[in-house]
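Let me begin by presenting the structure, written as structure tokens, before commenting on it.
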Amino acid sequence: MPLEIITIPCLSDNYAFLVHNKASGETALVDAPEADKINKVLSQLGWTLTHVLLTHHHWDHIDGLEELQKTHSPKVIGAAADAHRLPPLDLAVAEGDSFTLGGEEVQVMDVSGHTVGHIAFYLPASGAVFTADSLMALGCGRLFEGDPDMMWASLSKLAALPENTIVCSGHEYTEANGRFAVTIDPDNKALQSRIDAIAEARAQGRPTVPSLLSEELATNPFLRATDPAVQRHVGMEGADPAKVFAEIRQRKDTF
């Protein structure tokens, strides 16, 4: 039986995710931006928090944990490389590690770039990856600590997952990301269609996260640095994709 995934809007534009196994009752939280909203959903569903998976140390992904621990006793899992600035971990993990959650394997991926030590959690059996501020819907995280080569390598790893993978990212930035994406890939009809669908979803108050990896591959400019049309549009035809990515990221930073 596949795991159930619930998206929880938090703060002004964050997302947290609950991952639940109905048979065992295990419930994991991916990132902890805001305890009250997470506790409200847990209470409504009658679920008890058994695990918390932390992707990186930024306050808007960890600040709710202490309050959650007052009413739950979850096992906290995060990156060994980030342990010095994360809340205390029960399990410190790194690239290539795996552990079991709700009867399924969870694979740990180093997706450094936004921060050094940022990790993603990939659940092959459920076909979902929790990417937080690495790969985002129509975007990627700003490079606060890593460099373009590092982030391109991370995004390339994520892009190599099966195309039907559900991408559970950390923020509702998709509408703004679309406004930028069309400046990089203006002739992309799939992108135009996605922008229209995003506008409709947001007008109705619906989240645009999660997304499908196939959709990101077709429309997300940060995954399309190898595409000749994108390369031509930024004046870098035939260039190293990592350098094309760096140009796209720099343009987004000043957009």
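Going left to right, the sequence shown walks through residues 142 to 396 as the working numbering numbers them. Ideal Cβ positions, reconstructed from N, Cα and C, are used throughout, including at glycine. Computed from a predicted model, the values in this text were never measured in an experiment.
Roughly how many angstroms lie between the CA atoms of residue i and residue j, to the nearest whole one?
i, j, result
"Ser267", "Leu276", "18 Å"
"His161", "Gly376", "47 Å"
"Ile336", "Gly319", "6 Å"
"Asp177", "Asp381", "46 Å"
"Thr212", "Glu378", "55 Å"
"Leu242", "Ala317", "34 Å"
"Ala301", "Phe363", "14 Å"
"Ala221", "Thr367", "32 Å"
"Gly219", "Gly346", "32 Å"
"Leu170", "Leu159", "5 Å"
"Gln333", "Ile146", "28 Å"
"Met292", "Ala322", "18 Å"
"Arg283", "Pro289", "10 Å"
"Thr315", "Ala344", "13 Å"
"Gly187", "Lys163", "11 Å"
"Pro150", "Gln185", "15 Å"
"Asp154", "Phe285", "19 Å"
"Ala383", "Ala235", "24 Å"
"Ala294", "Ala387", "12 Å"
"Asn329", "Arg365", "11 Å"
"Glu357", "Asp231", "33 Å"
"Pro327", "Lys181", "42 Å"
With a threshold of 16 other CB atoms inside 10 Å of the CB of residue i, please say whether the residue is buried or exposed.
i, result
"Pro393", "For the sequence presented, residue 393 should be read as Lys rather than Pro. Looking at its Cβ environment, which holds 16 or more other Cβ atoms inside 10 Å, Lys393 is buried."
"Trp200", "exposed"
"Arg390", "buried"
"His225", "exposed"
"Gln372", "buried"
"Glu175", "buried"
"Glu207", "exposed"
"Thr395", "exposed"
"Asp274", "buried"
"Asp223", "buried"
"Ala370", "exposed"
Is the beta carbon of residue j closer than 8 Å to that of residue i?
i, j, result
"His192", "Pro228", "no"
"Thr272", "His198", "no"
"Thr349", "Ala342", "yes"
"Tyr156", "Thr168", "no"
"His259", "Val252", "yes"
"Leu299", "Ala261", "yes"
"Leu264", "Leu353", "no"
"Ser239", "Glu304", "no"
"Thr306", "Val247", "no"
"Ile203", "Ala173", "yes"
"Ala278", "Ser310", "yes"
"Gly287", "Gly237", "no"
"Val385", "Pro351", "no"
"Val217", "Leu195", "yes"
Which whole-angstrom value describes the C-beta separation of residue i and residue j, a residue pair presumed to lie in contact below a C-beta threshold of 8 Å?
i, j, result
"Ile339", "His374", "So it is not a contact: roughly 21 Å between Cβ atoms."
"Thr189", "Gly166", "7 Å"
"Asn361", "Gly280", "7 Å"
"Ile179", "Leu209", "6 Å"
Beta-carbon of residue i versus every beta-carbon of chain B: anything under 8 Å?
i, result
"Asp172", "Given the protein chain composition of this structure (a single chain), no chain B is represented."
Counting only runs that start and end within the stretch 296-355, where is the alpha helix (DSSP H) found for 4 or more residues in a row?
315-325, 330-344
Could you pull out every unbroken alpha helix (DSSP H) segment of at least 4 residues lying fully inside the stretch 175-234, listed in chain order?
176-186, 200-203, 206-209
Sequence ranges, beta strand (DSSP E) only - wholly within the stretch 258-299, length at least 3
260-264, 269-273
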